[in-house]
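First the structure, in the form of C-alpha coordinates, and then the observations on it.
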Amino acid sequence: MKNLRYCLLGLLLNGFLASAQMITPTNETMVHDPVAIKAEGKYYMFCTGRGISMFSSEDLKEWKHEAPVFEEKPSWTDEVVPEFRNHIWAPDIVEHEGKFYLYYSVSAFAKNTSAIGLTINSTLDPNSPDYKWEDQGIIVQSVPNRDMWNAIDPNIVFDEEGTAWLNFGSFWDGLKLVKLSKDLKSVAQPEEWYTIARRERSFDIPDKNPGDAALEAPFIFKKGGWYYLFISWDLCCRGEDSTYKVVVGRSKSVKGPYLDKSGKSLANGGGTLVVEGNENWYGAGHNSVYTFDGKDYMFFHAYDAQDGAKPKLRIKELSWENEWPKQLKLN
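Per the working numbering, the sequence shown starts with residue 160, numbered consecutively.
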(Lines of atoms letter the chains of each structure in order from A and count residues from 1; the text may use other names and numbers.)
(Lines give C-alpha, C1' and ligand atoms only; values in the text may rest on other atoms or scores of the structure.)
Protein backbone atom coordinates (compact mmCIF):
# COMPACT_ATOMS: atom_id res chain seq x y z
CA MET A 1 0.00 0.00 0.00
CA LYS A 2 3.01 2.32 0.44
CA ASN A 3 3.43 2.89 -3.28
CA LEU A 4 -0.27 3.62 -3.69
CA ARG A 5 -0.16 6.11 -0.82
CA TYR A 6 2.62 8.14 -2.47
CA CYS A 7 0.78 8.13 -5.77
CA LEU A 8 -2.54 9.22 -4.32
CA LEU A 9 -0.96 11.93 -2.16
CA GLY A 10 0.53 13.70 -5.14
CA LEU A 11 -2.59 13.32 -7.23
CA LEU A 12 -4.92 14.60 -4.52
CA LEU A 13 -2.71 17.63 -4.07
CA ASN A 14 -2.82 18.20 -7.81
CA GLY A 15 -6.61 18.17 -7.66
CA PHE A 16 -6.64 20.68 -4.82
CA LEU A 17 -4.27 23.03 -6.63
CA ALA A 18 -6.27 22.77 -9.83
CA SER A 19 -9.42 23.82 -8.05
CA ALA A 20 -7.57 26.84 -6.67
CA GLN A 21 -6.28 27.83 -10.18
CA MET A 22 -2.75 28.20 -8.83
CA ILE A 23 0.37 28.83 -10.86
CA THR A 24 3.54 26.94 -9.95
CA PRO A 25 7.06 26.85 -11.41
CA THR A 26 8.03 23.66 -13.22
CA ASN A 27 10.24 22.36 -10.42
CA GLU A 28 7.38 22.74 -7.90
CA THR A 29 4.60 21.33 -10.07
CA MET A 30 3.53 17.93 -8.74
CA VAL A 31 2.59 15.46 -11.48
CA HIS A 32 2.67 11.84 -12.54
CA ASP A 33 2.98 10.79 -16.21
CA PRO A 34 3.06 14.19 -18.00
CA VAL A 35 2.23 14.64 -21.69
CA ALA A 36 2.10 17.95 -23.53
CA ILE A 37 1.10 19.74 -26.69
CA LYS A 38 1.51 23.25 -28.09
CA ALA A 39 -1.75 24.66 -29.42
CA GLU A 40 -3.38 28.04 -29.86
CA GLY A 41 -0.26 29.86 -28.65
CA LYS A 42 0.05 27.95 -25.36
CA TYR A 43 1.47 24.74 -23.96
CA TYR A 44 -1.01 22.33 -22.42
CA MET A 45 -0.08 19.43 -20.20
CA PHE A 46 -2.18 16.46 -19.06
CA CYS A 47 -1.27 14.07 -16.25
CA THR A 48 -2.54 11.27 -14.04
CA GLY A 49 -5.06 12.59 -11.54
CA ARG A 50 -8.67 12.75 -10.50
CA GLY A 51 -10.56 13.37 -13.74
CA ILE A 52 -7.20 13.85 -15.56
CA SER A 53 -5.09 16.77 -14.32
CA MET A 54 -4.69 19.63 -16.80
CA PHE A 55 -2.23 22.53 -16.87
CA SER A 56 -1.41 25.42 -19.22
CA SER A 57 1.75 27.46 -19.69
CA GLU A 58 2.99 30.39 -21.74
CA ASP A 59 6.67 29.48 -21.49
CA LEU A 60 7.24 25.93 -20.12
CA LYS A 61 8.49 27.57 -16.91
CA GLU A 62 5.28 28.23 -14.99
CA TRP A 63 2.11 26.14 -15.05
CA LYS A 64 -1.45 27.19 -14.38
CA HIS A 65 -3.50 24.44 -12.75
CA GLU A 66 -6.67 24.14 -14.83
CA ALA A 67 -9.86 22.31 -13.87
CA PRO A 68 -9.73 18.53 -14.48
CA VAL A 69 -10.92 17.18 -17.83
CA PHE A 70 -13.71 15.12 -16.24
CA GLU A 71 -15.69 16.59 -13.37
CA GLU A 72 -17.45 13.23 -13.16
CA LYS A 73 -16.12 9.87 -14.27
CA PRO A 74 -17.02 8.63 -17.77
CA SER A 75 -20.21 6.58 -17.60
CA TRP A 76 -18.61 3.36 -18.89
CA THR A 77 -15.81 3.11 -16.34
CA ASP A 78 -17.74 1.12 -13.70
CA GLU A 79 -18.13 -1.65 -16.27
CA VAL A 80 -14.35 -2.06 -16.32
CA VAL A 81 -13.49 -1.22 -12.69
CA PRO A 82 -16.49 -1.54 -10.33
CA GLU A 83 -17.01 1.60 -8.25
CA PHE A 84 -14.31 3.45 -10.18
CA ARG A 85 -13.40 6.68 -8.40
CA ASN A 86 -12.40 8.84 -11.38
CA HIS A 87 -8.68 8.42 -10.65
CA ILE A 88 -7.52 8.35 -14.28
CA TRP A 89 -4.00 7.40 -15.30
CA ALA A 90 -1.40 8.24 -17.90
CA PRO A 91 -3.12 10.19 -20.71
CA ASP A 92 -1.81 11.10 -24.16
CA ILE A 93 -2.83 14.11 -26.27
CA VAL A 94 -2.63 14.49 -30.07
CA GLU A 95 -4.10 16.89 -32.61
CA HIS A 96 -5.79 15.34 -35.64
CA GLU A 97 -7.73 17.14 -38.37
CA GLY A 98 -8.31 20.20 -36.23
CA LYS A 99 -9.46 18.39 -33.10
CA PHE A 100 -7.71 17.24 -29.95
CA TYR A 101 -7.76 13.55 -29.05
CA LEU A 102 -7.07 12.73 -25.42
CA TYR A 103 -6.47 9.04 -24.66
CA TYR A 104 -6.47 7.88 -21.04
CA SER A 105 -6.24 4.82 -18.77
CA VAL A 106 -8.84 3.31 -16.45
CA SER A 107 -7.50 0.51 -14.27
CA ALA A 108 -7.58 -1.31 -10.97
CA PHE A 109 -4.25 -0.95 -9.16
CA ALA A 110 -1.75 -3.77 -9.91
CA LYS A 111 -4.28 -5.62 -12.10
CA ASN A 112 -4.83 -5.77 -15.84
CA THR A 113 -8.48 -5.01 -15.25
CA SER A 114 -7.94 -2.06 -17.55
CA ALA A 115 -9.13 -0.07 -20.54
CA ILE A 116 -7.94 2.82 -22.67
CA GLY A 117 -10.57 5.43 -23.42
CA LEU A 118 -10.77 8.48 -25.66
CA THR A 119 -12.30 11.93 -25.34
CA ILE A 120 -12.26 14.66 -28.03
CA ASN A 121 -12.38 18.47 -27.94
CA SER A 122 -12.29 21.13 -30.63
CA THR A 123 -10.17 23.44 -28.43
CA LEU A 124 -7.93 23.22 -25.40
CA ASP A 125 -8.75 26.71 -24.17
CA PRO A 126 -11.02 26.30 -21.10
CA ASN A 127 -12.28 29.86 -21.60
CA SER A 128 -13.54 29.20 -25.12
CA PRO A 129 -17.30 28.75 -25.63
CA ASP A 130 -16.39 25.74 -27.80
CA TYR A 131 -14.52 23.99 -25.00
CA LYS A 132 -16.27 20.67 -24.43
CA TRP A 133 -14.89 17.17 -24.02
CA GLU A 134 -16.93 14.51 -25.82
CA ASP A 135 -16.15 11.02 -24.57
CA GLN A 136 -15.88 8.20 -27.12
CA GLY A 137 -15.69 5.25 -24.73
CA ILE A 138 -13.31 2.28 -24.84
CA ILE A 139 -10.62 1.87 -27.50
CA VAL A 140 -9.03 -1.31 -26.15
CA GLN A 141 -9.57 -3.37 -22.99
CA SER A 142 -7.57 -6.02 -21.10
CA VAL A 143 -9.10 -8.75 -18.93
CA PRO A 144 -7.32 -10.84 -16.24
CA ASN A 145 -6.67 -14.49 -17.15
CA ARG A 146 -7.52 -13.69 -20.78
CA ASP A 147 -4.81 -11.19 -21.77
CA MET A 148 -1.10 -11.23 -20.94
CA TRP A 149 -0.90 -7.48 -21.49
CA ASN A 150 -2.29 -4.42 -19.73
CA ALA A 151 -4.38 -1.73 -21.45
CA ILE A 152 -2.84 1.36 -19.82
CA ASP A 153 -0.28 4.06 -20.70
CA PRO A 154 -1.47 4.92 -24.23
CA ASN A 155 0.63 6.78 -26.78
CA ILE A 156 -0.35 7.61 -30.37
CA VAL A 157 2.15 7.80 -33.22
CA PHE A 158 1.55 8.41 -36.93
CA ASP A 159 3.73 6.51 -39.38
CA GLU A 160 5.22 7.82 -42.64
CA GLU A 161 1.94 7.09 -44.43
CA GLY A 162 -0.17 8.96 -41.87
CA THR A 163 -1.57 5.79 -40.28
CA ALA A 164 -2.18 6.05 -36.54
CA TRP A 165 -0.81 3.42 -34.16
CA LEU A 166 -1.56 2.97 -30.48
CA ASN A 167 1.32 1.75 -28.33
CA PHE A 168 0.66 0.96 -24.70
CA GLY A 169 1.22 -1.40 -21.82
CA SER A 170 2.70 -2.25 -18.47
CA PHE A 171 4.43 -5.33 -17.02
CA TRP A 172 2.91 -8.77 -17.89
CA ASP A 173 4.31 -9.97 -21.23
CA GLY A 174 5.38 -6.63 -22.63
CA LEU A 175 4.32 -3.49 -24.44
CA LYS A 176 2.05 -3.64 -27.48
CA LEU A 177 1.47 -1.76 -30.73
CA VAL A 178 -1.84 -1.92 -32.61
CA LYS A 179 -3.08 -0.13 -35.72
CA LEU A 180 -6.00 2.27 -35.25
CA SER A 181 -8.91 2.98 -37.58
CA LYS A 182 -8.83 6.11 -39.73
CA ASP A 183 -11.04 8.01 -37.28
CA LEU A 184 -8.70 7.06 -34.39
CA LYS A 185 -11.67 5.79 -32.35
CA SER A 186 -11.15 2.03 -32.56
CA VAL A 187 -8.72 -0.74 -33.47
CA ALA A 188 -8.40 -1.14 -37.24
CA GLN A 189 -9.82 -4.24 -38.94
CA PRO A 190 -8.36 -6.70 -39.62
CA GLU A 191 -6.41 -6.30 -36.39
CA GLU A 192 -2.64 -5.82 -36.60
CA TRP A 193 -0.66 -6.26 -33.36
CA TYR A 194 3.04 -6.24 -32.43
CA THR A 195 5.06 -6.69 -29.23
CA ILE A 196 7.55 -3.82 -29.23
CA ALA A 197 9.22 -4.26 -25.83
CA ARG A 198 9.39 -6.88 -23.11
CA ARG A 199 11.61 -8.08 -20.27
CA GLU A 200 12.05 -11.57 -18.88
CA ARG A 201 9.14 -12.66 -16.69
CA SER A 202 9.45 -15.44 -14.13
CA PHE A 203 7.52 -18.42 -15.49
CA ASP A 204 5.95 -19.44 -12.17
CA ILE A 205 4.06 -16.18 -11.56
CA PRO A 206 0.26 -16.47 -12.08
CA ASP A 207 -1.06 -14.80 -15.23
CA LYS A 208 -3.25 -12.39 -13.24
CA ASN A 209 -0.17 -11.02 -11.44
CA PRO A 210 1.76 -8.09 -13.01
CA GLY A 211 4.95 -10.10 -12.58
CA ASP A 212 8.57 -9.03 -12.27
CA ALA A 213 9.19 -7.87 -15.85
CA ALA A 214 9.07 -4.20 -14.85
CA LEU A 215 8.51 -2.02 -17.91
CA GLU A 216 5.75 0.36 -18.99
CA ALA A 217 4.86 3.75 -20.47
CA PRO A 218 5.99 3.47 -24.12
CA PHE A 219 6.39 6.71 -26.08
CA ILE A 220 7.41 6.75 -29.76
CA PHE A 221 9.10 9.91 -31.12
CA LYS A 222 9.90 10.42 -34.81
CA LYS A 223 13.15 12.17 -35.75
CA GLY A 224 15.46 12.10 -38.75
CA GLY A 225 14.09 8.95 -40.34
CA TRP A 226 14.03 7.01 -37.06
CA TYR A 227 11.29 6.02 -34.67
CA TYR A 228 12.62 6.23 -31.10
CA LEU A 229 10.85 4.10 -28.52
CA PHE A 230 11.25 5.42 -24.98
CA ILE A 231 10.09 3.14 -22.16
CA SER A 232 10.23 3.19 -18.36
CA TRP A 233 11.94 0.40 -16.47
CA ASP A 234 11.60 -0.70 -12.86
CA LEU A 235 9.35 0.70 -10.13
CA CYS A 236 7.28 3.86 -9.99
CA CYS A 237 5.23 5.51 -7.26
CA ARG A 238 7.17 4.30 -4.22
CA GLY A 239 8.60 7.58 -2.97
CA GLU A 240 12.17 7.01 -1.73
CA ASP A 241 11.92 3.38 -2.84
CA SER A 242 11.24 4.32 -6.47
CA THR A 243 13.70 2.91 -9.01
CA TYR A 244 12.17 4.32 -12.20
CA LYS A 245 14.43 5.01 -15.18
CA VAL A 246 13.99 5.63 -18.93
CA VAL A 247 15.64 3.63 -21.72
CA VAL A 248 15.39 3.93 -25.51
CA GLY A 249 15.70 1.95 -28.72
CA ARG A 250 15.13 2.92 -32.34
CA SER A 251 13.77 1.49 -35.59
CA LYS A 252 13.30 2.53 -39.21
CA SER A 253 9.76 1.12 -39.02
CA VAL A 254 7.05 2.01 -36.54
CA LYS A 255 6.42 -1.74 -36.22
CA GLY A 256 9.98 -2.37 -35.03
CA PRO A 257 12.13 -4.13 -34.20
CA TYR A 258 13.47 -1.44 -31.86
CA LEU A 259 17.17 -1.93 -31.09
CA ASP A 260 19.36 -0.27 -28.47
CA LYS A 261 22.89 1.08 -29.08
CA SER A 262 24.37 -2.40 -28.69
CA GLY A 263 21.95 -3.86 -31.23
CA LYS A 264 19.79 -5.70 -28.68
CA SER A 265 16.07 -5.66 -29.32
CA LEU A 266 13.83 -4.00 -26.76
CA ALA A 267 11.55 -7.00 -27.28
CA ASN A 268 14.35 -9.12 -25.78
CA GLY A 269 15.12 -6.90 -22.79
CA GLY A 270 17.29 -4.31 -24.56
CA GLY A 271 17.37 -0.60 -23.79
CA THR A 272 19.91 2.25 -23.73
CA LEU A 273 19.74 4.43 -20.63
CA VAL A 274 18.42 8.00 -21.02
CA VAL A 275 17.77 9.09 -17.42
CA GLU A 276 17.71 7.55 -13.95
CA GLY A 277 17.44 8.67 -10.34
CA ASN A 278 20.31 9.87 -8.15
CA GLU A 279 20.87 11.23 -4.64
CA ASN A 280 18.59 14.18 -5.41
CA TRP A 281 15.86 12.28 -7.25
CA TYR A 282 14.80 8.80 -6.16
CA GLY A 283 13.51 7.73 -9.56
CA ALA A 284 12.72 9.31 -12.92
CA GLY A 285 10.36 8.06 -15.59
CA HIS A 286 7.11 7.92 -17.53
CA ASN A 287 8.37 10.34 -20.15
CA SER A 288 7.09 12.01 -23.29
CA VAL A 289 9.16 13.74 -26.01
CA TYR A 290 8.36 16.72 -28.27
CA THR A 291 9.86 19.25 -30.63
CA PHE A 292 8.78 22.76 -29.61
CA ASP A 293 10.14 25.78 -31.52
CA GLY A 294 13.03 23.81 -32.99
CA LYS A 295 14.17 22.19 -29.74
CA ASP A 296 13.54 18.66 -28.45
CA TYR A 297 12.26 18.29 -24.90
CA MET A 298 11.62 15.36 -22.62
CA PHE A 299 8.88 15.64 -20.00
CA PHE A 300 8.87 13.20 -17.08
CA HIS A 301 8.32 12.98 -13.35
CA ALA A 302 10.87 12.33 -10.62
CA TYR A 303 10.71 11.99 -6.82
CA ASP A 304 12.28 14.93 -5.02
CA ALA A 305 14.65 13.68 -2.31
CA GLN A 306 14.79 17.17 -0.78
CA ASP A 307 11.01 17.52 -0.48
CA GLY A 308 9.51 14.37 0.98
CA ALA A 309 9.83 12.33 -2.21
CA LYS A 310 7.03 14.30 -3.87
CA PRO A 311 6.58 13.62 -7.60
CA LYS A 312 7.77 16.71 -9.49
CA LEU A 313 7.62 17.75 -13.13
CA ARG A 314 10.93 17.69 -14.96
CA ILE A 315 11.43 19.18 -18.44
CA LYS A 316 14.84 18.65 -19.99
CA GLU A 317 16.12 19.64 -23.43
CA LEU A 318 17.34 16.60 -25.34
CA SER A 319 20.59 16.73 -27.24
CA TRP A 320 21.73 14.10 -29.73
CA GLU A 321 24.95 12.37 -30.69
CA ASN A 322 25.23 9.97 -33.64
CA GLU A 323 21.42 10.00 -33.87
CA TRP A 324 21.00 8.86 -30.27
CA PRO A 325 19.68 10.99 -27.38
CA LYS A 326 22.41 11.82 -24.88
CA GLN A 327 21.94 10.64 -21.31
CA LEU A 328 20.33 13.29 -19.12
CA LYS A 329 21.71 14.42 -15.78
CA LEU A 330 19.34 15.27 -12.96
CA ASN A 331 20.14 18.14 -10.60
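We put the beta carbon where it would ideally sit given N, CA and C, even for glycine. All figures in this text were calculated on a predicted structure; none of them were measured in a lab.
Between the stretch 308 to 317 and the stretch 214 to 234, are three or more C-beta pairs nearer than 8 Å?
no
Here's the rule I'm using: 16 or more other beta-carbon atoms within 10 Å means buried, otherwise exposed. How should Ser478 be labelled?
exposed
Return yes when the Cβ of Leu283 is within less than 8 Å of the Cβ of Ile298, no when it is not.
no
Inspect the CB distances between the stretch 413 to 428 and the stretch 444 to 460 and report whether three or more fall short of 8 Å.
no
Got a sec, what are the start and stop residues for the alpha helix (DSSP H) Thr236 sits in?
Segment Thr236 to Val239, the alpha helix (DSSP H) holding Thr236.
Can you tell me which of the three DSSP states Glu351 falls into?
coil
From this set, Asn271, Gly208, Ala195 and Ala426, which residue's C-alpha is nearest Gln300's C-alpha?
Nearest C-alpha to Gln300: Asn271.
Report all residues from its chain with a CB closer than 6 Å to the CB of Gly442; omit the five preceding and five following residues, and keep chain order.
The beta carbon of Gly442 lies closer than 6 Å to those of Ser401, Thr402, Tyr403, Gly436 and Tyr462 in the same chain, with the five residues before and after it left out.
Candidates Asp342, Glu254, Asp366 and Leu388: which alpha carbon is nearest Leu334's?
Leu388
Taking just the CA atoms, how far does Arg473 sit from Leu425?
One C-alpha to the other measures close to 25 Å.
In this structure, does DSSP put Lys475 in helix, strand or coil?
strand
With 16 as the cutoff for other CB atoms within 10 Å, does Asn314 come out buried or exposed?
buried
Which residues in the same chain as Val240 place their Cβ atom closer than 7 Å to its Cβ, once the five residues preceding and following it in sequence are excluded?
Same-chain partners within the cutoff: Val265, Ser266, Ala267 and Thr272.
Hey, how far is the Cα of Glu221 from the Cα of Trp248?
Taking the straight line joining both Cα atoms gives about 23 Å.
Enumerate in chain order the residues of its own chain whose CB-to-CB distance from Val337 is below 6 Å, with the five nearest sequence positions on each side excluded.
Leu325, Val346 and Trp352
Count the other CB atoms within 10 Å of the CB of Val316; is the residue buried (16 or more) or exposed (fewer)?
buried
Pull up the DSSP beta-bridge partners for Asp463, would you.
Beta-bridge pairing links Asp463 to Trp440 and Lys469.
For Glu230, which three-state DSSP category applies?
Looking at Glu230 - three-state DSSP - the assignment turns out to be coil, as it is neither helix nor strand.
Does Glu225 come out as helix, strand or coil in the three-state DSSP assignment?
strand
Give me the Cα-Cα distance between Ile375 and Pro288, rounded to the nearest whole angstrom.
In the sequence as presented, Ile is not what sits at residue 375; that position holds Glu. Roughly 37 Å separates the two Cα atoms.
List the residues that DSSP assigns as beta-bridge partners of Cys206.
Ser212
Report the start-end ranges of each beta strand (DSSP E) in the stretch 319 to 368 that is 3 residues or longer and not cut off at the edges.
323 to 327, 334 to 338 and 352 to 356
Tell me which same chain residues have a C-beta within less than 7 Å of the C-beta of Glu201, skipping the five on either side of it?
One detail in the question is off: residue 201 reads as Lys in this sequence, not Glu. The residues are Ser215, Ser216 and Glu217.
Out of Ser212, Glu254, Thr450 and Tyr290, which has the shortest C-alpha to C-alpha gap to Lys382?
Thr450
With a CB to CB cut of under 6 Å and the five nearest residues on each side skipped, what residues in its chain are close to Ser361?
Asp371
How far does the beta strand (DSSP E) with Gln300 in it reach, from first residue to last?
Glu293 to Ser301
Let me check one thing: in DSSP terms, what residues is Arg409 bridge-paired to?
Tyr387 and Leu418
Can you tell me whether Glu225 is buried or exposed? The criterion is at least 16 other CB atoms within 10 Å of its CB, across all chains shown.
buried
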